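One structure is given below, encoded as structure tokens.
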Amino acid sequence: MNYPIRGLMQHYWYFRANGETQGPFPLAQLIQYVELGRLKPNDLVSPDGIHWKTVAQTEQFDAALAVYVQNHAPSPASDNEINWEHERALARVRWEDERMHEGLLPSDKGDTREKELESIVNLRRRHHETVALYQQAQAIRPKLRYALVTLGLVSSIAFLLWHAHQSASPIPSLVGQTNCAAPPAAAVAWQGCDKRSAKLAGVNLKGARLDRAHLDAADLRQADLSYANLNGASLRGANLSGALLIGADLKGADLTGADLSAAVLEYATLAGALMTGARLAGTRLGKAVWPDGRVCAPQSVDACA
114 MNYPIRGLMQ
124 HYWYFRANGE
134 TQGPFPLAQL
144 IQYVELGRLK
154 PNDLVSPDGI
164 HWKTVAQTEQ
174 FDAALAVYVQ
184 NHAPSPASDN
194 EINWEHERAL
204 ARVRWEDERM
214 HEGLLPSDKG
224 DTREKELESI
234 VNLRRRHHET
244 VALYQQAQAI
254 RPKLRYALVT
264 LGLVSSIAFL
274 LWHAHQSASP
284 IPSLVGQTNC
294 AAPPAAAVAW
304 QGCDKRSAKL
314 AGVNLKGARL
324 DRAHLDAADL
334 RQADLSYANL
344 NGASLRGANL
354 SGALLIGADL
364 KGADLTGADL
374 SAAVLEYATL
384 AGALMTGARL
394 AGTRLGKAVW
404 PDGRVCAPQS
414 VDACA
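Okay, here's the thing in structure tokens:
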């Protein structure tokens, strides 16, 4: 009967040892039993008490079997030990032959007994070779798994970099180099650039890097500057009426005489900003951080309440 035990991870399992069925037990407990030798490779296990396989046939116990083999397998015998055991077996054959000649033991087939004992010694040698090969294979498995994981991570990073390069709206965290000649766009890198009196009405500058930029007297009406970095920027006399500045970073910015009427500065940070003469008619300031460190009330309009 074919049944889906291999690859199936059940939380509770049964086992059958010495003709007795026990369980259910947590799988982790059975794995520990295998490692300790309380469950042997030929003992039967089942996830449902109906379908059975030996421990050695069920992959959930592969790692535990490796521990069991390492802890319980006899240490490989050296060539001298094997030769010594072989000589002892031959001595026993010779002794039995002498007893047969003397009539003390029943007659047997000449060298058949010697060949049987020689086969036992060879079987032991092959057993130790098999154990060594199994342990070598178990040691290779984790290395292969780590190599595949590393390859997957490298592929994921390469894909993200390619996607950022191809996207019309590049990921801000991947855009760092200043390019003052770049056209206005989301996430543009204009750090420290001179954009005095620039005509930027209605443009999308969402997430733009404008820290320390010079935007004095710039026309930014209806522009989208949400989440833009304007830290330390100069916006003296700039027209920001109706602009979106949601979550914008304006720490230390100079907004002296700027027109912010009907602009949306909700959740913006204005700590340390200069706002002398700034126009705030209809400006929405909910949850904004004011220059003095106060957090404006959610419904603040015209002034930080």
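Sequential numbering of the sequence shown, starting at 114, is according to our numbering.
For glycine and all other residues, C-beta sits at the position ideal for the given N, C-alpha and C.
Small disclaimer: the values here were computed from a predicted structure and weren't measured.
In the displayed model, asparagine 292 falls within coil according to three-state DSSP, outside both helix and strand.
Assigned with DSSP and collapsed to three states, glycine 136 falls in strand.
At the C-beta level, valine 147 and alanine 177 come within 7 Å of one another. Straight across, the Cα-Cα distance linking alanine 336 with aspartate 372 is about 13 Å. Of the residues assessed, alanine 294 falls on the exposed side of the cut-off, its CB having fewer than 16 other CB atoms within 10 angstroms.
Assigned with DSSP and collapsed to three states, valine 316 falls in coil, not helix or strand.
Looking only at Pro139, Gly370, Val301 and Asp362, the smallest Cα-Cα distance to alanine 330 is reached by Gly370. Put simply, of Asp307, Lys308, Ala341 and Gly305 the residue whose alpha carbon is nearest the alpha carbon of alanine 321 is Ala341. For phenylalanine 138, the CB contacts under 7 Å within the same chain, skipping 5 residues up- and downstream, are Tyr125 and Trp126 in chain order. For valine 168, the three-state secondary structure derived from DSSP is helix.
Glycine 385 and alanine 375 have their C-alpha atoms roughly 22 Å apart. Closest option to cysteine 306, judged by alpha-carbon separation, among Ser354, His327 and Gly365: His327. Using a Cβ distance threshold of 7 Å, leucine 383 and alanine 356 do not count as a contacting pair. For aspartate 405, the closest C-alpha among the options Asn131, Leu387 and Ala394 is that of Leu387. Sorting Ile163, His164, Val158 and Asn184 by C-alpha distance to the C-alpha of phenylalanine 174 places Val158 at the top. Between the alpha carbons of leucine 261 and isoleucine 270 lies a gap of roughly 14 Å.
In the DSSP annotation of this structure, the continuous segment of the beta strand (DSSP E) that includes phenylalanine 128 starts and ends at 125-130.
In the displayed model, leucine 157 falls within a strand according to three-state DSSP. In the three-state DSSP reduction, leucine 246 falls in the helix class (H, G or I). Just measuring C-alpha positions, the residue of Leu378, Lys312, Ala314 and Gly315 sitting nearest leucine 343 is Leu378.
Here DSSP, grouped into helix, strand and coil, assigns alanine 302 to strand.
Residue burial is scored here from C-beta neighbours: serine 310 has fewer than 16 other C-beta atoms within 10 angstroms and is therefore classed as exposed.
Using a Cβ distance threshold of 7 Å, leucine 393 and serine 413 do not count as a contacting pair.
Around the beta-carbon of alanine 410, fewer than 16 other beta-carbon atoms lie within 10 Å, marking it exposed.
Cβ contact annotation for leucine 313 (same chain, cutoff 7 Å, sequence separation greater than five): Pro297, Ala331, Asp332, Leu333 and Ala336, in chain order. Distance from the CA atom of arginine 325 to the CA atom of glutamine 304, rounded to whole angstroms, is 6 Å. Here arginine 151 is exposed. Its C-beta has fewer than 16 other C-beta atoms within 10 Å. In the DSSP secondary-structure assignment, aspartate 307 is bridged to His327.
The beta carbons of leucine 323 and alanine 346 sit closer together than 7 Å.
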